[in-house]
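2 protein chains.
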Amino acid sequence: MNIYDIAEKAGVSIATVSRVLNESDNVSPKTKAKVLAAIEETGYTPNIFARGLGLNSIKMIGVLCIDVADMYYAKAVSSLEKLLRAEEYDVLLYCTGETREEKCRCINRLLDKRVDAIITIGSSFTDNLLDDDFKQAVHTVPVIMINGRVDMPGIYSISCDEAAATENSVKQLYHCGYSNILYLYDCETASGKAKMSGFQNAITQLGITKHSYTIRSPRTVGDGCAVAQAILQKHPHINAIVTSEDILAVGALQALDKLGKKAPVIGFNNSLLAECTLPTLTSVDNMVEVLCSTSVSILTEIFKEKPVPERIVLSPRLVERNSFRTGSNADK
Amino acid sequence: MNIYDIAEKAGVSIATVSRVLNESDNVSPKTKAKVLAAIEETGYTPNIFARGLGLNSIKMIGVLCIDVADMYYAKAVSSLEKLLRAEEYDVLLYCTGETREEKCRCINRLLDKRVDAIITIGSSFTDNLLDDDFKQAVHTVPVIMINGRVDMPGIYSISCDEAAATENSVKQLYHCGYSNILYLYDCETASGKAKMSGFQNAITQLGITKHSYTIRSPRTVGDGCAVAQAILQKHPHINAIVTSEDILAVGALQALDKLGKKAPVIGFNNSLLAECTLPTLTSVDNMVEVLCSTSVSILTEIFKEKPVPERIVLSPRLVERNSFRTGSNADK
DNA sequence: TTGAAAGCGCTACCAT
DNA sequence: ATGGTAGCGCTTTCAA
Numbered sequence: 213m214n215i216y217d218i219a220e221k222a223g224v225s226i227a228t229v230s231r232v233l234n235e236s237d238n239v240s241p242k243t244k245a246k247v248l249a250a251i252e253e254t255g256y257t258p259n260i261f262a263r264g265l266g267l268n269s270i271k272m273i274g275v276l277c278i279d280v281a282d283m284y285y286a287k288a289v290s291s292l293e294k295l296l297r298a299e300e301y302d303v304l305l306y307c308t309g310e311t312r313e314e315k316c317r318c319i320n321r322l323l324d325k326r327v328d329a330i331i332t333i334g335s336s337f338t339d340n341l342l343d344d345d346f347k348q349a350v351h352t353v354p355v356i357m358i359n360g361r362v363d364m365p366g367i368y369s370i371s372c373d374e375a376a377a378t379e380n381s382v383k384q385l386y387h388c389g390y391s392n393i394l395y396l397y398d399c400e401t402a403s404g405k406a407k408m409s410g411f412q413n414a415i416t417q418l419g420i421t422k423h424s425y426t427i428r429s430p431r432t433v434g435d436g437c438a439v440a441q442a443i444l445q446k447h448p449h450i451n452a453i454v455t456s457e458d459i460l461a462v463g464a465l466q467a468l469d470k471l472g473k474k475a476p477v478i479g480f481n482n483s484l485l486a487e488c489t490l491p492t493l494t495s496v497d498n499m500v501e502v503l504c505s506t507s508v509s510i511l512t513e514i515f516k517e518k519p520v521p522e523r524i525v526l527s528p529r530l531v532e533r534n535s536f537r538t539g540s541n542a543d544k
Numbered sequence: 213m214n215i216y217d218i219a220e221k222a223g224v225s226i227a228t229v230s231r232v233l234n235e236s237d238n239v240s241p242k243t244k245a246k247v248l249a250a251i252e253e254t255g256y257t258p259n260i261f262a263r264g265l266g267l268n269s270i271k272m273i274g275v276l277c278i279d280v281a282d283m284y285y286a287k288a289v290s291s292l293e294k295l296l297r298a299e300e301y302d303v304l305l306y307c308t309g310e311t312r313e314e315k316c317r318c319i320n321r322l323l324d325k326r327v328d329a330i331i332t333i334g335s336s337f338t339d340n341l342l343d344d345d346f347k348q349a350v351h352t353v354p355v356i357m358i359n360g361r362v363d364m365p366g367i368y369s370i371s372c373d374e375a376a377a378t379e380n381s382v383k384q385l386y387h388c389g390y391s392n393i394l395y396l397y398d399c400e401t402a403s404g405k406a407k408m409s410g411f412q413n414a415i416t417q418l419g420i421t422k423h424s425y426t427i428r429s430p431r432t433v434g435d436g437c438a439v440a441q442a443i444l445q446k447h448p449h450i451n452a453i454v455t456s457e458d459i460l461a462v463g464a465l466q467a468l469d470k471l472g473k474k475a476p477v478i479g480f481n482n483s484l485l486a487e488c489t490l491p492t493l494t495s496v497d498n499m500v501e502v503l504c505s506t507s508v509s510i511l512t513e514i515f516k517e518k519p520v521p522e523r524i525v526l527s528p529r530l531v532e533r534n535s536f537r538t539g540s541n542a543d544k
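If you're matching them up, the sequences are chains A and B in order.
Each residue of the first sequence is one higher than the one before, counting from 213 in my numbering.
Each residue of the second sequence is one higher than the one before, counting from 213 in my numbering.
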C-alpha cells in the first residue's frame, strides 16, 4: 500500500495525495475528502523511510544516559519522552554505560541513524575525551546536555547548580548547630567534583575544616552503610552527614541505626528512596522535571532557528523530611 | 556525501561501494581497500533512510511500557536496550501511561515508524480493548509481551508466574507459624489479579480464609503505610503481611514501626527499595533480567524465521532479607 | 487547484 | 570481480 495506490483509488495524482498528507492548503475540499476517504478505507500510512529520504529527518531524538535502571536517569528519560512525544518527536534511547568507548560508539550510532538532535543526561558526558565525537555530532545536529557541559558552539547546557546545593546543605546544618560534618560521596565525575567543591567552600567559609571529613564509598546501600559506620566509629564526634546521593544517605541512616546513634542526614536527588527510610530522608531536589522541560523548550526553539542561550543554570532546593529539618533547632 | 561520491573517489561503481558496505564477499581485497580508504577519509556513513526504503527495515525495536520512571520498568528497559543493541537493534521507547487511548496511539505510531518488532513490558498490555490494535500490529511485525498475554498468533508471551509466587509466599509464612495474613495490593491489572488469585489459592488450601484479609492501597509509600496502619489497628491479630509491590511493603514496614509492632513482611519485585528499609525487605524476585534475555533470544529466532514457543513461563524466587526468613522459626 | 516528473541514496538483480 | 540500472515511496518544483 503506497501513495500510488491511494492516488489511483481517489482518482488523483500522487502529488495531490502528498499535499493532503502534508496538510498543504492548496487542495480543494472535495478532492481532499476523496483522498482522506481512500486513506481511511485502506488504512494507509506513509512510508517513513521514503519521507525521511526526501526531508532528511525522521522526527527522532537520541537520548543518552549511563543506565536508565538508575532512578535518576529513569526520571529524566520518562520526563523527556513524554515532552518530546507531545512535540511529535520519538525517543531513541541508549544506555551507554560508563566507558568512553561505548559512549563514543553510541554517539556515532545515533548520528548514523540521522536523529534530529541528541540529548545527554548526566555529568558523565562532560568528558574532554569525547570532545572530538561531540564536535562531529554538533556538525550535524544540535546537542543538549542536561547536567553536563562542553563548551562548544552548538552544544547547549542545561544544569542545576549542585555545588551551591551542597554548600547550602552544609550551611543549613551549621546554622542548626552541627559543625562536625561528614561528606559521604560516590564518584568524581564533573557532578561529583561540583558537589565536593560545594562542600569544601562551605566548610572553609564556616571555618570548620578541622572537624569535617570526606569519605568515598561505592554507590550501593551496603557499601554506604559500611563506610559510614567505620568512619563514625573512628570519629565519634561527627554529628551530621551530607551525601552526594540518596543511596549513600540510606546507607548512612542504616549505619547510624546500627551504632544506636542519631544525627541529621541530607541526601541528594530527592528520589523515591527518600520516602522509604526511617526516618524519611531530607534530600536535595535536583529539579529533573524542570531541567527536562527546559531542554525540550530550548530544542524546539532551536528547530525554529530562534536564538537560545547556550547555558542555563537552575537552583536546586532542599526537600525537608524527618532526617533533618531546618526549622527545628539542634538537639545536639 | 553519498555513495556516488565514494564511488567516484575510489574509482569504482556505486554497486561495488554498496558491496563493501554490506560486507559482500565478491569484492577483491584491493578494491575493497580503496573503497574503505575513501570512506575513512571522508567520514561517510550510509543514509539510513535510503537503506530502509530498499530493505524496509531500520533495525529498530519499539519498546512500550507504562512509565520508565517506575523502577520495575526501568530495569526491564535497561536490560532490553543493552541486549538489543548487542544485536545491532536500537530501541524506540514509549511511555504510554495508563490509558487505553494512549497505548493504542503509541502502538500505531510505532507501526508508522516501521519498527522491526514491538516489545511490551508489564501486564497492563493484556487488555481486550487493545486486541484490535495488536491484531493490526501482528499483521506487520512480531509482538513480544513481557509479563503480558494476548492469545493471538504472532504475539509471544514471556512471563513470570506471579500467582505461584504469591501463593508460595503465603505458604512459607504459614509454615513458619503465621496464619493471620494480610494481603496488601495495589492494582487489578492482569498481574494484580494473578497475584490475588495466588493469595486466595493459598489461604483456601491452607484453610485460613477466616483469619486472612485483603486490602487495596494506592501505589505510594504514604498510602501503603496509612492503609496498613488502619487495618492493623482494626485487626490486631494479623501477624504477617504479603504485598503485591515493594513500595507497599515499605509502607507496611513503616506502619508496623509506627504501631510498635513486629511482623514478617514480604514484598514483590526485589527492587532497590528492598535494600533500603529497616529491616531490609524479603521480596519476590520477578526475574526481569531473565525475562528480558529470553525475550531477545526469542526475537532473534523469530527474525531468523525459526519456530519458537508462543508462551514461556518462568518461576520467580523469594529473596530473603531481614523482614522474613524461612529458616528462622516463628517468634510468634 | 492539479499533474508530471525529477530527485533523495541505497540495494539487488542482471550483465559482462 | 565489477558495472549498469531499475526500483523503493515520498516531496517538491515547474507547468498547465
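Built from N, CA and C at the ideal position, the CB exists for glycine as well.
The structure displayed is predicted, hence computed values, not measured ones.
- Chain-ordered, the chain B residues with CB closer than 9 Å to the CB of I260 (chain A) read F261, G264, I270, D324, K325, R326.
- With respect to the C-alpha of S409 (chain B), the residue from B:A376, B:P430, B:I427 having the closest C-alpha is B:A376.
- Residue-level contact check: T257 (chain B) touches chain A, since one or more beta carbons of chain A fall below 8 Å from its beta carbon.
- Among the bridge pairs identified by DSSP, I370 (chain B) is matched with B:I358, B:I524.
- Residue pairing by DSSP places G274 (chain A) opposite A:L304, A:I330 in a beta bridge.
- In this structure, I319 (chain A) keeps its C-beta atom at 8 Å or more from the C-beta atom of S507 (chain A).
- No Cβ of chain A is located within less than 8 Å of the beta carbon of Y395 (chain B).
- Contact annotation: in the segment 281-293 of chain B, residues whose CB is within less than 7 Å of a CB in chain A are A281, M283, A286, K287, V289, S290, E293.
- For the beta strand (DSSP E) assignment, the uninterrupted runs of no fewer than 3 residues enclosed by the segment 385-421 of chain B are, from N- to C-terminal side, 393-397.
- Residues of chain B whose Cβ lies closer than 9 Å to the Cβ of L296 (chain A) do not exist; the shortest such Cβ separation is about 10 Å.
- Counting only residues of its own chain and dropping the five nearest sequence neighbours on each side, L503 (chain A) has a CB closer than 8 Å to the CB of A288, I358, N359, I370, S371, C372, L526.
- Pairing R533 (chain B) with C437 (chain A), the inter-Cα distance amounts to about 16 Å.
- Of all residues in the segment 450-466 of chain A, the ones placed with a Cβ closer than 7 Å to any Cβ belonging to chain B are V462, Q466, in chain order.
- Judged by DSSP in its simplified three-state form, D345 (chain A) adopts helix.
- Taking C-beta atoms as the reference points, V462 (chain A) and T426 (chain A) fail to come closer than 8 Å.
- By the beta-carbon neighbour count (other beta carbons within 10 angstroms, threshold 16), L267 (chain A) is exposed.
- Residue state for T455 (chain B) is assigned as strand, using DSSP reduced to three classes.
- Straight through space, the alpha carbons of L530 (chain B) and I514 (chain A) are spaced by roughly 51 Å.
- 8 Å or more divides the Cβ of S505 (chain A) from the Cβ of L305 (chain A).
- Beyond the five residues adjoining it in sequence on each side, N482 (chain A) comes within less than 8 Å, by CB distance, of D458, S495, V496, D497, N498, V531 in the same chain, given in chain order.
- Excluding the 5 residues flanking it on each side, N392 (chain B) has same chain C-beta neighbours closer than 6 Å at H423, H449, I450, N451, in chain order.
- The segment 346-357 of chain A and the segment 374-388 of chain A do not touch, with fewer than three beta-carbon pairs separated by less than 8 Å.
- Along the segment 352-369 of chain B, none of the residues has a CB nearer than 9 Å to a CB of chain A.
- Contact between the segment 307-321 of chain B and the segment 237-245 of chain B is absent: fewer than three C-beta pairs spanning the two stretches fall below 8 Å.
- Within chain A, E487, C488 have C-beta atoms less than 7 Å from the C-beta of V433 (chain B), given in sequence order.
- The alpha-carbon of D435 (chain B) is positioned some 43 Å away from that of V362 (chain A).
- Counting every other CB atom within 10 Å of its CB across the protein chains shown gives D324 (chain B) a total below 16, marking it as exposed.
- Contact of D217 (chain B) with chain A by beta-carbon distance below 9 Å is absent, the smallest such distance being about 16 Å.
- For Y306 (chain B), the chain A residues whose Cβ falls inside 9 Å of its Cβ are E293, R297, D302, V303, in order along the chain.
- About 5 Å separates the beta carbons of V477 (chain A) and I453 (chain A), which is inside the 8 Å limit, making them a contact pair.
- Nearest to K383 (chain A) by alpha-carbon distance, out of A:D217, A:C399, A:I415, A:K405, is A:I415.
- G479 (chain B) has its alpha-carbon roughly 36 Å from the corresponding atom of F337 (chain A).
- Taken through DSSP and simplified to helix, strand or coil, Y285 (chain A) comes out as helix.
- Listed along the chain, the chain B residues whose CB falls inside 8 Å of the CB of D279 (chain A) are S290.
- In this structure I270 (chain A) touches I260 (chain A) by the C-beta definition: roughly 6 Å separates them, less than 8 Å.
- The continuous alpha helix (DSSP H) containing L511 (chain B) extends over residues 500-515.
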